[in-house]
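Just so we're aligned: 723 in the working numbering is position 142 of the sequence shown, and the numbers increase by one with no gaps anywhere.
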Amino acid sequence: MRLEDYDAILCDLDGCLVSGPRVLPGAAALLARAGARLIVLSNNSTDTPATLSARLAAMGLAVPAGRIVLAGTAALEALAREREVRLCLYGSPALQRHALALGLQLDRQTPSHVLLTRDERFSYGDLRCCVGMLRRGARLLVANPDESHPGPDGDPVPETGSLLAAIRSVLPGLDYTVIGKPEPGLYHHALARLPVGRRRVLAIGDTPATDGAGAARLGFDLLLVGPLSARYPDLAAVWEPAAGAGRSA
582 MRLEDYDAIL CDLDGCLVSG PRVLPGAAAL LARAGARLIV LSNNSTDTPA
632 TLSARLAAMG LAVPAGRIVL AGTAALEALA REREVRLCLY GSPALQRHAL
682 ALGLQLDRQT PSHVLLTRDE RFSYGDLRCC VGMLRRGARL LVANPDESHP
732 GPDGDPVPET GSLLAAIRSV LPGLDYTVIG KPEPGLYHHA LARLPVGRRR
782 VLAIGDTPAT DGAGAARLGF DLLLVGPLSA RYPDLAAVWE PAAGAGRSA
């Protein structure tokens, strides 16, 4: 697989470039070789592009905010384009600030929409309130369906999908809209950041159910890395086989 053959490279974050505070093998080399063709495309729903760019810079990875597309902020931007949205947002302080900057009205009493993201403060009380709002007619948007992502110690980190599962256990017939991967909208949002024209796209990820399914829907070439890949434990093993020798998949 040659990076030079691709006009656009859409790379996942957790499990591909980083794991918690740790930069994964091959991440820096990929960013250097791909340059402006690379977009970080992630189901992350706690950061904004600006906060993630700063966090990556502190880890030694230079990715401008303009080349970062995240499910959480993409969901907020989609809501900001609608009229008369009263939003109950379960999300991080960074997402709360981003919502206000977009001009969204935050309302936990009589919302028209509920946006579920990876809210680390989500409680039993929040679950009960959320169920009530949805039963009274509020529309549910979900930043991503991921139930977990890999943590730096090897343990899975609960994700937005685990909160969704709790809600669906109470409201099993609930209708909702997913914004992030594998839905195609986030991919189109990312490609819009690159020059128009005929493109050959490489999607890089670590999760078949989201990264794999999303790439398949859009006909993109796919590179899977990490524990769920039978071939490549990390990015270094793809283009630097000697560096990956001795690692277990």
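Quick reminder that beta carbons are idealized off the backbone N, C-alpha and C, glycines included.
Asked                                                                                                           : Found
Neighbour-count burial assignment, Pro539, 16 or more Cβ in a 10 Å radius                                       : With the chain represented from 582 up to 830, any question about residue 539 goes unanswered, as that position is not in the structure.
Cutoff 6 Å; reference Tyr587; Cβ partners in own chain excluding five residues on either side                   : Arg781 and Leu783
Residues that Ala784 bridges to, as DSSP identifies them                                                        : Leu591 and Leu803
Whole-Å CB distance - His694 paired with Leu660, under 8 Å assumed                                              : 6 Å
Buried versus exposed, by CB contacts within 10 Å (16 or more), Met714                                          : buried
Burial state of His730 (16 or more Cβ within 10 Å)                                                              : buried
Reduced DSSP category for Gly827 - H, G, I as helix; E, B as strand; rest coil                                  : Because the pLDDT of Gly827 is 42, which lies under 50, any placement of that residue in the model is unreliable, and the question is left without a value.
Check whether Thr627 and Ala675 have beta carbons under 8 Å apart                                               : yes
Simplified DSSP assignment, three categories, for Leu670                                                        : strand
CB contact flag (Ala803, Tyr768, <8 Å)                                                                          : Checking the sequence, you will find Leu at residue 803 rather than Ala. No; because the gap between Cβ atoms is not below 8 Å, this pair is not in contact.
Inter-residue Cα distance where the pair is Ser623 and Ile649                                                   : 8 Å
Close Cβ partners of Ala830 (< 8 Å) along its chain, the five nearest in sequence each way excluded             : Low local confidence applies: a pLDDT of 33 at Ala830 is under 50, so the model's placement there is unreliable, and no value is given.
Rounded C-alpha distance that separates Ala589 from Ala655                                                      : 19 Å
Residue interval of the alpha helix (DSSP H) (run including Val819)                                             : Ala817 to Trp820
Other residues of its chain near Glu821: CB distance less than 8 Å, five sequence neighbours each side excluded : Gly607 and Ala610
Paired residues, beta bridge with Arg720 - DSSP                                                                 : His694
Tyr768: first and last residue of the uninterrupted alpha helix (DSSP H) it sits in                             : Pro765 to Leu772
CA-to-CA distance, Leu612 to Thr632, given in whole angstroms                                                   : 18 Å
Pro630: first and last residue of the uninterrupted alpha helix (DSSP H) it sits in                             : Pro630 to Ala639
Where the alpha helix (DSSP H) containing Val644 begins and where it ends                                       : Premise fails: Val644 is in no alpha helix (DSSP H) and is neither H nor E.
Where the alpha helix (DSSP H) through Ile748 begins and ends                                                   : Thr741 to Val751
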